[in-house]
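These notes concern the structure reproduced below.
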Amino acid sequence: MKTFASCLFISLFSTGFINGAHQGYGDSVRVRFRATVNGQPLKFDSTYTNSFGEDFTVTAFRFYVGHLALNNSNNTWVKSRTAYHLVDAKISTSEIIEIPRGTKKITKLKFQVGVDSLDNVSGAQDGDLDPAHGMFWTWNTGYVMAKLEGNSSFSKVPTGSFTYHIGGYKGVDKAIRNIELSISNEMAIAILQSKTDDLIVDVEIGKWFDSVHPLKIAEKSFVHGPGPTAKLYADNYSTMFSIANDMKP
Numbered sequence: 003m004k005t006f007a008s009c010l011f012i013s014l015f016s017t018g019f020i021n022g023a024h025q026g027y028g029d030s031v032r033v034r035f036r037a038t039v040n041g042q043p044l045k046f047d048s049t050y051t052n053s054f055g056e057d058f059t060v061t062a063f064r065f066y067v068g069h070l071a072l073n074n075s076n077n078t079w080v081k082s083r084t085a086y087h088l089v090d091a092k093i094s095t096s097e098i099i100e101i102p103r104g105t106k107k108i109t110k111l112k113f114q115v116g117v118d119s120l121d122n123v124s125g126a127q128d129g130d131l132d133p134a135h136g137m138f139w140t141w142n143t144g145y146v147m148a149k150l151e152g153n154s155s156f157s158k159v160p161t162g163s164f165t166y167h168i169g170g171y172k173g174v175d176k177a178i179r180n181i182e183l184s185i186s187n188e189m190a191i192a193i194l195q196s197k198t199d200d201l202i203v204d205v206e207i208g209k210w211f212d213s214v215h216p217l218k219i220a221e222k223s224f225v226h227g228p229g230p231t232a233k234l235y236a237d238n239y240s241t242m243f244s245i246a247n248d249m250k251p
């Protein structure tokens, strides 16, 4: 069974990982996005049920995280040196980001889901913004901010699939969403005292269907482009993030 294991590392101190081996607590904090369905880690070969009683399986799940930053007790934001990260449920990726050493408790995590308007029109990109990753439409419509694909017996598409490619960076069609999450005092102290290296962000896929707006698979199985419907899905998935209480070394 394949599970979602895509990681983004933010080094608050010097890195504590050499050739994959842990060298002791307190050297770095790893921010890791963990996809879940109904509170359990995503498995691509499993069938799930959403809040409307619709069955579904997930075949692809990707989204852009931009401008990741941590806030400390001095109300100072410490930013990732890399502007954008493509989180892909089928590729286990990690990146260590060097950030100046600090000794204060972290209190908040913020980031955006999507790519800024300027970066949508800045010509050919590389790295995680490379169009070869399949997250770019055209220079007119820009990047896919988030993508969810799967299958459901409730889909109206002849193949039984659903595909939600959500984007839009212009005016009323803007699908970029800003996320800010509070870090519990317990977790902040654990990180400060080097009892854990991980700050895990759970990403609940079920929110795509039912959160701010009720969006049934039976009523909408295909969204490929900016517009009012894409914005509804963006509203929904903006609520899918939460800080987990896991404390892993």
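So for the sequence shown, the working numbering puts the first residue at 3; every next one is plus one. Note that the Cβ used here is the ideal one computed from N, Cα and C, for glycine as well. Owing to the predicted nature of the structure, the values given are computational and were not obtained by experimental measurement.
Name the DSSP bridge partner or partners of PRO38?
-> Here the question's residue 38 lines up with position 36 in the sequence shown. A small correction: the amino acid at residue 38 is Thr; Pro does not occupy that position in the sequence shown. THR38 pairs with PRO43, GLU206.
Per DSSP, VAL89 is paired with what?
-> Within the sequence shown, the letter at position 87 stands for residue 89. Looking at the DSSP output, VAL89 sits in a beta bridge with PHE65.
In terms of residue numbering, what span does the alpha helix (DSSP H) encompassing LEU217 cover?
-> Along the sequence shown, one-based indexing puts residue 217 at 215. Following the DSSP letters along the chain, one finds LEU217 in no alpha helix (DSSP H), marked with neither H nor E.
Does the distance from the C-beta atom of GLU182 to that of LYS106 stay below 8 Å?
-> Translated into positions along the sequence shown, residue 182 becomes position 180. Translated into positions along the sequence shown, residue 106 becomes position 104. GLU182 places its beta carbon 8 Å or farther from that of LYS106.
8 Å contact criterion, which LYS218 and GLU56 should meet: CB distance rounded | Within the sequence shown, numbered from 1, the residue matching residue 218 stands at position 216. Within the sequence shown, numbered from 1, the residue matching residue 56 stands at position 54. Between the beta-carbon of LYS218 and that of GLU56 there is about 6 Å, and that keeps the pair under the 8 Å contact cut.
Quickly, what does DSSP pair ALA71 with across the bridge? List them, please.
-> Residue 71 sits at position 69 when you count from the first residue of the sequence shown. BP columns for ALA71 point to LYS81, LYS112.
Using 7 Å as the cut-off, classify the Cβ of ARG179 as near or not near the heavy atoms of the ligand FMN, replying yes or no.
-> In the structure on display, the ligand FMN does not appear, and there are no ligands present to speak of.
Can you name the start and end residues of the beta strand (DSSP E) that ILE245 belongs to?
-> Numbered from its first residue, the sequence shown carries residue 245 at position 243. In the DSSP annotation of this structure, the continuous segment of the beta strand (DSSP E) that includes ILE245 starts and ends at 243 to 245.
Apart from the five residues on each side of it in sequence, which residues of its chain come closer than 8 Å, Cβ to Cβ, to GLY229?
-> Residue 229 sits at position 227 when you count from the first residue of the sequence shown. Correct list, in chain order: GLY170, ASP175.
Secondary structure of TYR145, DSSP reduced to three states = Within the sequence shown, residue 145 is the residue found at index 143, counting from 1. Note: TYR145 maps to strand in three-state DSSP.
Is it right to say ILE93 is buried, meaning 16 or more other beta carbons lie within 10 angstroms of its own, or is it exposed?
-> Here the question's residue 93 lines up with position 91 in the sequence shown. Residue burial annotation: ILE93 is exposed, with fewer than 16 other C-beta atoms found within 10 angstroms of its C-beta.
GLY28 versus THR59: straight-line alpha-carbon distance, rounded = The count along the sequence shown starts at 1 and reaches residue 28 at position 26. The count along the sequence shown starts at 1 and reaches residue 59 at position 57. Residue confidence is low: GLY28 scores 44 on pLDDT, short of 50, so the model does not pin down where it sits. No coordinate-derived value is stated.
Which residues in the same chain as TRP210 place their Cβ atom closer than 8 Å to its Cβ, once the five residues preceding and following it in sequence are excluded?
-> Taking the first residue of the sequence shown as position 1, residue 210 is located at position 208. Taken in chain order, the residues that qualify are LEU150, TYR166, LEU217, TYR235, ASN238, TYR239, MET242.
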